[in-house]
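2 protein chains.
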Amino acid sequence: MAVPLDVEGLVGQALQHSPRAVAKLISLVEHAHPQLREVARALVPHTGRAQLVGLTGPPGVGKSTATSMLISELRAQDKRVGVLAIDPSSPFSGGALLGDRVRMAEHATDSGVFIRSMATRGHLGGLSWATPQAVRVLDAAGFDVVLIETVGVGQSEVDVVRLADTTVVLLAPGMGDGIQAAKAGVLEIADVFVVNKADRDGADATVRELKQMIAMSRRELRGHYWRQPVVRTVAARGEGAAEVAGVLAEHRGWLDSHGELYRRRATRAGGEIEAIALHDLRAELGDLHGGDLLAELADQVVRGSLDPYAAADRLTRSLRG
Amino acid sequence: MAVPLDVEGLVGQALQHSPRAVAKLISLVEHAHPQLREVARALVPHTGRAQLVGLTGPPGVGKSTATSMLISELRAQDKRVGVLAIDPSSPFSGGALLGDRVRMAEHATDSGVFIRSMATRGHLGGLSWATPQAVRVLDAAGFDVVLIETVGVGQSEVDVVRLADTTVVLLAPGMGDGIQAAKAGVLEIADVFVVNKADRDGADATVRELKQMIAMSRRELRGHYWRQPVVRTVAARGEGAAEVAGVLAEHRGWLDSHGELYRRRATRAGGEIEAIALHDLRAELGDLHGGDLLAELADQVVRGSLDPYAAADRLTRSLRG
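Chains as they are written, first to last, in the UniProt record's numbering: chain A, 1 to 321; chain B, 1 to 321.
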């Protein structure tokens, strides 16, 4: 039998900035450790201070390089930075370990930086399950900024960056029709646009196109407007880092002053509570009648004698006893 | 107020192969029409006959062309073919309408072919919600083969092809390290490998690499082995079509003879029932205390006075009354 963890001790060490304790807590979260509830209970009073920044964009725009640049800039401002690099876990994309190591190289010896890759395959609801818990660990551990980075290849990958207070969408010149095709979705999720590789041909056109899109959309939040800024960077040379950090701070201030920060966080907390409740209910559904009820209903659906909605009704009725 | 649909009439027309009725039923499913349950009840006694084939692969391997080739081959064998082209709905990928139209052009006048693109954004559980219902429509409407096609960019996109009895993974030469990196995930989902663009340099190497991976994996199903075949195609010229159709028929026979077809379908039906039950429970959770309970709990989590697990417990307790 496993020895129970000293959760209180571990959380205490994380609050004191121990990277080992932070890493261990995130691992607990990822593997749904039996003491997960105890961990969440110990962490939650210490959360709410960090700025949560999501960073996404299509493959090849330089997300790793931009992340590394942003870390350097925030460190120069003496801010502690936690990074969660989320792996979309397609069977065709392989692991995220390489990116992790490459980024680690530059910041590995800096105790004010914590970088962690998370694979999300097999979790209920994809990314929605473990990621908010990992964010909570970093928030409680006193990181001033928590970056959540993922490649924008599918809906669930994009949803994860919306765990953040501020979402940065990274683009690059020469995506051509890509921006046109994508504009509705991208406009919806972005608080800040960064055009990376801005020294390349086509950068002016990309920036112009984005600004036209933004001008046409005019997002309104209860009478307050946030016009999404477009920042140019050449992340490989560190150009534009201060501007990105500047608009992030500006957006945080805007969120705060309009009550929008609270609204975003409450919406996310509601989603998280709901996801946990559904996870627990799902486990109960599978256990009904000693685990046999679902199998019996499935058999009837395959044989064509019961439709899946009627089967689901029987299942939820049985849950209520 | 909307006039109630004549569900029985519509399903009757679909059973008589009316493409208009089939299209209408899939639209009902996609938009979660109030009479959805009635539709499912009318369809389910007529299902179970079609062979469900999933087709996936990374971007650029020629999935549309391969699908079109396979349609032509199956039509030459006088089989009716239904196609669901699933759009992963990334904000960066735009819509799937173009692919639909391109494919439609060749088979548009053939009453034995029905092609439909489905966007899946915003559905609970991503693709898991509407797709099985749409498959059920096509199955009941007497299509001999139902192809479910999607690009393999994220986990949920790949999960959808596993709604099929037989999953085809399409690859192309020159993916280089891609196959190596991807091998674990790809081996797990594929029943059949197709190496398209087999007239290109590197085709031999890709086929050899795949065969080595397969030889090392040896999947066992209760003492029975299915060694995944590797078929070469040049879909743009129709080469290899008969071979692909042949291995699909062979795999169907193998599934049948080992009871595996039933097991796969029962597992899927169980997942579908569970998804519907969870969808209904989720709606109930949001309605508790006149819709206020979840918001109150979320507020406490944001303020750090309650952890999300304890909040979820209160929510599920309240569900039970």
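All C-beta atoms, glycine included, are put in the ideal place defined by N, C-alpha and C.
Next item on the list: Pick helix, strand or coil for Ala-235(B), following the three-state DSSP scheme.
Entry: Position 235 of the second sequence, counted from the start, is the residue given in the question as residue 235(B). Helix.
Check: Among residues of its own chain, excluding the 5 on either side of Val-186(A), which ones have a beta-carbon nearer than 6 Å to its beta-carbon?
Finding: Position 186 of the first sequence holds residue 186(A). For Val-186(A), where only same-chain residues beyond five positions count, the Cβ hits under 6 Å are Val-169.
Item checked: Local Cβ density within 10 Å of Tyr-225(A), reported as buried at 16 or more and exposed below that -> The residue given as residue 225(A) occupies position 225 in the first sequence. By the 10 Å Cβ count, Tyr-225(A) comes out exposed.
Margin query: Contact defined as beta carbons within less than 8 Å: I believe Ala-312(A) pairs with Ile-273(B). What is the distance between those atoms, to the nearest angstrom?
Written below: Counting from 1 along the first sequence, the entry for residue 312(A) is found at position 312. Counting from 1 along the second sequence, the entry for residue 273(B) is found at position 273. At roughly 5 Å, the Cβ-Cβ gap stays under 8 Å, so Ala-312(A) and Ile-273(B) are in contact.
Check: Who are the neighbours of Asp-299(B) on chain A, taking C-beta pairs under 7 Å?
Finding: For this step, residue 299(B) is matched to residue 299 along the second sequence. Within chain A, the residues near Asp-299(B) are Ala-266.
Notebook entry, point to check: Nearest-angstrom Cα distance between Pro-34(A) and Val-135(B)?
Noted result: On the first sequence, residue 34(A) is found 34 positions in, with the first residue counted as 1. On the second sequence, residue 135(B) is found 135 positions in, with the first residue counted as 1. For Pro-34(A) and Val-135(B), the distance between alpha carbons rounds to 39 Å.
Check: For Leu-315(B), which residues in chain A fall below 7 Å Cβ to Cβ?
Finding: As a first step, residue 315(B) must be located in the second sequence, where it is residue number 315. Those are Ile-273 and Ala-277, listed as they occur along chain A.
Margin query: Is there a C-beta anywhere in chain B that falls below 8 Å from the one on Tyr-225(A)?
Written below: Locating residue 225(A) in the first sequence gives position 225, where the first residue counts as 1. No - not a single Cβ of chain B is within 8 Å of the one on Tyr-225(A).
Check: Any Cβ of chain B within less than 8 Å of the Cβ of Arg-208(A)?
Finding: Counted from its first residue, the first sequence places residue 208(A) at position 208. Taking 8 Å as the CB threshold, Arg-208(A) stays off the interface with chain B.
Check: Nearest chain B C-beta to Val-302(A) closer than 8 Å, yes or no?
Finding: Walking along the first sequence from the start, residue 302(A) turns up at place 302. Yes, Val-302(A) counts as interfacial toward chain B.
Next item on the list: Could you please give the first and the last residue of the uninterrupted beta strand (DSSP E) stretch that includes Ser-51(B)?
Entry: By 1-based counting over the second sequence, the position of residue 51(B) is 51. With the sequence shown as reference, residue 51(B) is identified as Gln, and Ser is not the correct amino acid for it. Taken as a continuous stretch (DSSP letters only), the beta strand (DSSP E) holding Gln-51(B) covers 51-57.
Next item on the list: Check whether the Cβ of Thr-47(A) lies closer than 8 Å to any Cβ atom in chain B.
Entry: Counting from 1 along the first sequence, the entry for residue 47(A) is found at position 47. So, interface residue.
Notebook entry, point to check: Comparing the C-beta of His-19(A) with each C-beta of chain B, is any distance below 8 Å?
Noted result: Numbered from its first residue, the first sequence carries residue 19(A) at position 19. In the sequence on display, residue 19(A) carries Pro and not His. Judged by the 8 Å Cβ criterion, Pro-19(A) is not in contact with chain B.
Next item on the list: With DSSP as the reference, label Gly-82(A) as helix, strand or coil.
Entry: By 1-based counting over the first sequence, the position of residue 82(A) is 82. In the structure shown, the three-state DSSP call for Gly-82(A) is strand.
Margin query: So the candidates are Gly-240(A), Asp-165(A) and Thr-233(A); which of them puts its Cα closest to the Cα of Val-302(B)?
Written below: Looking up residue 302(B) in the second sequence gives position 302. Comparing Cα positions, the closest option is Asp-165(A).
Check: Would the beta-carbon of Arg-75(B) fall within 8 Å of that of Asp-144(B)?
Finding: Reading the second sequence from its first residue, position 75 is the one you call residue 75(B). Reading the second sequence from its first residue, position 144 is the one you call residue 144(B). Not in contact: Arg-75(B) and Asp-144(B) (Cβ atoms no closer than 8 Å).
Check: What first and last residue would you give for the beta strand (DSSP E) that runs through Arg-20(A)?
Finding: Translated into positions along the first sequence, residue 20(A) becomes position 20. In the DSSP annotation of this structure, Arg-20(A) is not part of any beta strand (DSSP E); the continuous alpha helix (DSSP H) holding it starts and ends at 19-30.
Check: In the structure shown, what three-state DSSP assignment does Val-3(A) receive?
Finding: Position 3 of the first sequence, counted from the start, is the residue given in the question as residue 3(A). It is coil, neither helix nor strand.
Check: In chain B, which residues lie less than 8 Å from Val-192(A) when you measure between Cβ atoms?
Finding: For the purposes of this step, residue 192(A) is identified with residue 192 of the first sequence, where counting begins at 1. The contacting residues do not exist; Val-192(A) stays about 15 Å from chain B at best.
Next item on the list: Measure the alpha-carbon distance for Ser-257(B) versus Ile-189(A) and round it to whole angstroms.
Entry: Along the second sequence, read from residue 1 onward, the residue named residue 257(B) stands at position 257. Along the first sequence, read from residue 1 onward, the residue named residue 189(A) stands at position 189. So the two alpha carbons sit approximately 49 Å from each other.
Check: Okay, do the region 193-207 of chain B and the region 234-242 of chain B touch, 3+ Cβ pairs below 8 Å being the bar?
Finding: With a cut-off of 8 Å, the region 234-242 of chain B and the region 193-207 of chain B count as touching, because enough Cβ pairs lie within range.
Note to self: Taking the beta carbon of Val-7(A) as the centre, do at least 16 other beta carbons fall within 10 Å, making it buried, or is it exposed?
What the structure shows: Sequence index remark: in the first sequence, residue 7(A) carries index 7 (1-based). Only buried fits Val-7(A), as 16 or more other CB atoms lie within 10 angstroms of its CB.
Check: For Asp-280(A), which option in Leu-288(B), Pro-308(B) and Tyr-262(B) has the closest C-alpha, if you only look at C-alpha atoms?
Finding: On the first sequence, residue 280(A) is found 280 positions in, with the first residue counted as 1. Nearest C-alpha to Asp-280(A): Pro-308(B).
Notebook entry, point to check: Using the rule of at least 16 other Cβ atoms within 10 Å of the residue's Cβ for burial, across every protein chain shown, is Thr-109(B) buried or exposed?
Noted result: Translated into positions along the second sequence, residue 109(B) becomes position 109. Exposed, because fewer than 16 other Cβ atoms sit within 10 Å of the Cβ of Thr-109(B).
Check: Taking the Cβ atom as the reference point for each residue, do Ala-40(A) and Gln-133(A) lie within a distance shorter than 8 Å?
Finding: Translated into positions along the first sequence, residue 40(A) becomes position 40. Translated into positions along the first sequence, residue 133(A) becomes position 133. In this structure, Gln-133(A) lies closer than 8 Å to Ala-40(A) by Cβ.
Next item on the list: Mind listing the chain A neighbours of residue 323(B)? Cutoff is C-beta to C-beta under 8 Å, in chain order.
Entry: Within the shown structure, residues of chain B are numbered from 1 to 321, placing residue 323(B) beyond reach of any answer.
Next item on the list: Classify Ala-198(A) as helix, strand or coil using the three-state DSSP reduction.
Entry: The residue given as residue 198(A) occupies position 198 in the first sequence. Residue state, collapsed to three classes: coil.
Next item on the list: For Ala-32(B), decide whether its Cβ has a neighbour in chain A, counting only Cβ atoms nearer than 8 Å.
Entry: Here the question's residue 32(B) lines up with position 32 in the second sequence. Residue contact check for Ala-32(B) against chain A: no CB pair falls below 8 Å.
Note to self: Taking the beta strand (DSSP E) that Arg-317(B) belongs to, which residues open and close that run?
What the structure shows: The count along the second sequence starts at 1 and reaches residue 317(B) at position 317. Residue range 308-319 is occupied by the alpha helix (DSSP H) that includes Arg-317(B), with no beta strand (DSSP E) assigned at that position.
Notebook entry, point to check: What does Asp-87(B) pair with, by DSSP beta-bridge criteria?
Noted result: As a position in the second sequence, residue 87(B) is number 87, starting the count at 1. Paired residues: Ala-119(B).
Margin query: With H, G and I counted as helix, E and B as strand and the rest as coil, what does DSSP make of Ser-305(A)?
Written below: Position 305 of the first sequence, counting from 1, holds the residue named residue 305(A). It is coil, neither helix nor strand.
Next item on the list: Flag Ala-66(B) as yes if its beta-carbon sits less than 8 Å from any beta-carbon of chain A, otherwise no.
Entry: In the second sequence, residue 66(B) corresponds to position 66, counting from 1. It does not: the Cβ of Ala-66(B) has no partner Cβ on chain A nearer than 8 Å.
Note to self: Does the CB of Val-44(B) have a neighbour CB from chain A at under 8 Å?
What the structure shows: Here residue 44(B) is taken as the residue at index 44 of the second sequence, counted from 1. With 8 Å as the cut-off, Val-44(B) counts as an interface residue toward chain A.
Notebook entry, point to check: Tell me which same chain residues have a C-beta within less than 6 Å of the C-beta of Gly-202(B), skipping the five on either side of it?
Noted result: Sequence index remark: in the second sequence, residue 202(B) carries index 202 (1-based). The residues are Pro-173 and Gly-174.
Next item on the list: Measure the C-alpha to C-alpha separation of Pro-4(B) and Leu-10(B) and round it to an integer number of angstroms.
Entry: Looking up residue 4(B) in the second sequence gives position 4. Looking up residue 10(B) in the second sequence gives position 10. Taking the straight line from one Cα to the other gives about 12 Å.
Margin query: Please report the distance separating the alpha-carbon of Ser-318(A) from that of Ser-318(B).
Written below: One-based indexing of the first sequence puts residue 318(A) at position 318. One-based indexing of the second sequence puts residue 318(B) at position 318. In this structure, the alpha-carbon of Ser-318(A) lies about 16 Å from that of Ser-318(B).
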